[in-house]
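Following the working numbering, the numbering of the sequence shown begins with 197 at its first residue and continues without gaps.
Just so it is clear, CB atoms sit at the ideal spot from N, CA and C, and this is done for glycine as well.
These numbers come from a predicted model, not from an experiment.
For reference, the structure discussed in these notes is given below.
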Amino acid sequence: MKRLTAKEEEVMGYFWEKGPLFVKQLLEFYEPPRPHFNTLSTIVRGLEEKGFLAHTAYGNTYQYYAVVSADDFKRKTLKGIISKYFDNSYLSVVSSLVKEEKISVEELKQLIEEVEKSHR
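Right, dumping it as structure tokens:
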């Protein structure tokens, strides 16, 4: 799966939250000053080229919809981060979270219990 820029992720967030949209509708979700229509249209077309969106034609206009789910994107992005920064070691990820105090020992124990229950 290709990487997304911050702006592309922001736009995808609207499609994941709202469903199929025309670029004109997408503009309405932004506070003033809104991005220019052509700017958003370029981002949306780029997302389609990357395989994240597809469209249905209605005359001269297109309604775009997500073809990659938010959950799939999160999973693949997380796998990419673990591969790139943690040498594919999930243990290193958890260890780092514990060392940085982003997850407590109690939470880690609870996580282990939940995993054990789901494997029974």
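Note the first and the last residue of the continuous alpha helix (DSSP H) segment covering residue i.
i	result
Thr273	266-282
Phe233	233-245
Lys220	219-223
Glu312	301-314
Opposite residue i in the DSSP bridges: which residues?
i	result
Ala202	The partner list for Ala202 (beta bridge, DSSP) is empty, contrary to what the question assumes.
Once you ignore the five residues that flank residue i on each side, which residues in its own chain have a CB closer than 7 Å to its CB?
i	result
Ile239	Lys203, Glu204, Val207
Leu243	Glu204, Val207, Met208, Leu249
Ala266	Trp212
Glu312	none
Pro229	none
Thr257	Phe218
Which whole-angstrom value describes the C-beta separation of residue i and residue j, a residue pair presumed to lie in contact below a C-beta threshold of 8 Å?
i	j	result
Tyr281	Phe211	Actually they do not touch by this definition, with Cβ atoms about 28 Å apart.
Lys272	Met197	4 Å
Asn284	Ile278	6 Å
Pro231	Gln259	Contact flag wrong, Cβ pair sits at about 19 Å.
Leu236	Val219	5 Å
By the DSSP assignment, the beta strand (DSSP E) with residue i in it spans what residues?
i	result
Tyr261	257-262
Tyr254	249-254
With a 10 Å radius around its C-beta and 16 neighbouring C-beta atoms as the bar for buried, classify residue i as buried or exposed.
i	result
Leu222	buried
Val301	exposed
Leu307	exposed
Leu304	exposed
Leu200	buried
Excluding the five sequence neighbours on either side, which residues of its own chain have a C-beta within less than 8 Å of the C-beta of residue i, listed in chain order?
i	result
Tyr399	Shown here, the chain extends from 197 to 316; a query on residue 399 therefore has no answer.
In its own chain, which residues sit with a C-beta less than 6 Å from the C-beta of residue i, not counting the 5 before and 5 after it?
i	result
Ile299	Leu293
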